[in-house]
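Participant:
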Amino acid sequence: SERLAARISAAFAMFIRRSDAMVQDGDAPDYADKDRDLDIEPGTILKDLLPGEDIGTIKSDRPNANLESFRMGQLRAVAAGVRGSFSSIARNYDGTYSAQRQELVEAQEGYAILQDNFIAAVSRPVYRRWLATAITAGVIDVPPDTDMATLFNAVYSGPVMPWIDPLKEANAWRVLIRGGAATESDWVRARGGAPAEVKRRRKAEIDENRKLGLVFDTDPAHDPGEQDNAGNEDNGGSDKNA
Numbered sequence: 005s006e007r008l009a010a011r012i013s014a015a016f017a018m019f020i021r022r023s024d025a026m027v028q029d030g031d032a033p034d035y036a037d038k039d040r041d042l043d044i045e046p047g048t049i050l051k052d053l054l055p056g057e058d059i060g061t062i063k064s065d066r067p068n069a070n071l072e073s074f075r076m077g078q079l080r081a082v083a084a085g086v087r088g089s090f091s092s093i094a095r096n097y098d099g100t101y102s103a104q105r106q107e108l109v110e111a112q113e114g115y116a117i118l119q120d121n122f123i124a125a126v127s128r129p130v131y132r133r134w135l136a137t138a139i140t141a142g143v144i145d146v147p148p149d150t151d152m153a154t155l156f157n158a159v160y161s162g163p164v165m166p167w168i169d170p171l172k173e174a175n176a177w178r179v180l181i182r183g184g185a186a187t188e189s190d191w192v193r194a195r196g197g198a199p200a201e202v203k204r205r206r207k208a209e210i211d212e213n214r215k216l217g218l219v220f221d222t223d224p225a226h227d228p229g230e231q232d233n234a235g236n237e238d239n240g241g242s243d244k245n246a
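Take 5 as the starting number for the sequence shown in our numbering and just add one per residue.
1. Mark VAL82 as exposed unless 16 or more other C-beta atoms lie within 10 angstroms of its C-beta, in which case mark it buried.
2. In this structure, does DSSP put ASP169 in helix, strand or coil?
3. Using a Cβ-Cβ cut-off of 6 Å (strictly less than) and excluding sequence neighbours within five positions of SER23, which residues of its own chain qualify?
4. Going by beta-carbon coordinates alone, are PHE307 and ARG75 separated by less than 8 Å?
5. Report the residue from GLU45, ILE20, ALA69 and GLN104 whose alpha carbon sits nearest the alpha carbon of LEU53.
6. Helix, strand or coil, according to DSSP, for GLY77 in the structure here?
7. Can you look up PHE220 in the DSSP assignment and give me helix, strand or coil?
8. Can you grab the Cα-Cα spacing for the pair ALA176 / PRO170, in whole Å?
9. Specify, as a first and last residue, the run of the beta strand (DSSP E) that GLU57 falls within.
10. May I ask which residues mark the beginning and end of the alpha helix (DSSP H) holding ARG132?
11. How many Å lie between ALA84 and ILE168 at the Cα?
12. Just tell me which of MET18, GLU173 and ARG204 has its CA closest to the CA of ASP43.
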């Protein structure tokens with residue numbers, strides 16, 4: 005296998021080559037009487053060679069051209085086993101948008117399982133104990149008309165799936181919301197935000213812009229492109245109904 009070949013190539017081997025004249029000469033030195041251990045270090049100059057000797061090395065063809073594909077194959081196998089993202093493990097982000105997003109969606113499923121386990125074991129018990137303690141201590145006043153069965157209900161949001169192409173993701177969310185398959189709150193939570201906080205800040209921003217007479221295309225009322233698209237859709241829908 006490639007792993008075994010890489011381990012073999014890592015063993016650097018050297019040998020002493022002697023000429024035929026030295027081997028056949030009866031007056032050749034007695035090699036058994038000499039300590040032939042040679043210390044090899046970076047930049048070593050061998051000065052203990054006898055006349056007619058030179059150093060030879062065993063040539064290795066490693067690393068070969070298949071090393072990169074072998075490494076990528078091993079990392080893909082590891083990523084599949086741990087339900088991780090190959091791109092994140094290998095730091096290799098080559099590929100099309102569809103392939104990258106498919107990989108991200110599959111990896112997110114594993115992360116979601118870990119998030120649910122953490123929420124059930126840590127986040128939810130800690131929140132409920134804190135809330136019960138705060139109510140008992142009188143720090144939080146519960147209105148009389150509060151449904152006590154829903155008092156401890158909460159939305160626990162963990163790290164969200166990052167976006168590869170924000171424009172495509174945003175357009176997809178718009179289609180889902182317009183089709184009734186999702187809500188604006190789902191969109192905000194998918195980006196790791198709090199829906200109530202985002203709407204509060206958004207309203208304050210729009211009111212401030214109108215008060216100061218500032219016009220930006222971030223307000224759909226001032227975006228001709230949005231109005232034209234809406235008009236075309238309405239006309240198209242009326243034609244179909246007719």
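In this text, a Cβ means the ideal position worked out from N, Cα and C, and glycines have one as well.
Since we're looking at a predicted model, the values are computed, not measured.
Facilitator: On the basis of the supplied data:
1. Residue mapping note: residue 82 aligns to position 78 of the sequence shown, counting from 1. By the neighbour-count rule (16 or more Cβ atoms within 10 Å), VAL82 is not buried but exposed.
2. The count along the sequence shown starts at 1 and reaches residue 169 at position 165. In this structure, ASP169 counts as coil in the three-state DSSP scheme.
3. Translated into positions along the sequence shown, residue 23 becomes position 19. Shown here for SER23: same chain residues with a beta carbon closer than 6 Å to its own, the five before and five after excluded, namely GLY56 in chain order.
4. Nothing about residue 307 can be reported from this structure: the residues present for the chain run from 5 to 246 only.
5. One-based indexing of the sequence shown puts residue 53 at position 49. Comparing Cα positions, the closest option is ILE20.
6. Counted from its first residue, the sequence shown places residue 77 at position 73. In this structure, GLY77 counts as helix in the three-state DSSP scheme.
7. As a first step, residue 220 is located in the sequence shown; it is residue number 216 there, counting from the start. In this structure, PHE220 counts as coil in the three-state DSSP scheme.
8. Here residue 176 refers to the residue found at position 172 when the sequence shown is read from its first residue. Here residue 170 refers to the residue found at position 166 when the sequence shown is read from its first residue. Going by the C-alpha atoms only, they are around 10 Å apart.
9. In the sequence shown, the residue the question calls residue 57 occupies position 53. Note, GLU57: beta strand (DSSP E), 57-61.
10. Residue mapping note: residue 132 aligns to position 128 of the sequence shown, counting from 1. From DSSP, the alpha helix (DSSP H) with ARG132 extends over 128-140.
11. Along the sequence shown, read from residue 1 onward, the residue named residue 84 stands at position 80. Along the sequence shown, read from residue 1 onward, the residue named residue 168 stands at position 164. Their backbone Cα atoms lie some 21 Å apart in a straight line.
12. Counted from its first residue, the sequence shown places residue 43 at position 39. Nearest option by C-alpha distance: MET18.
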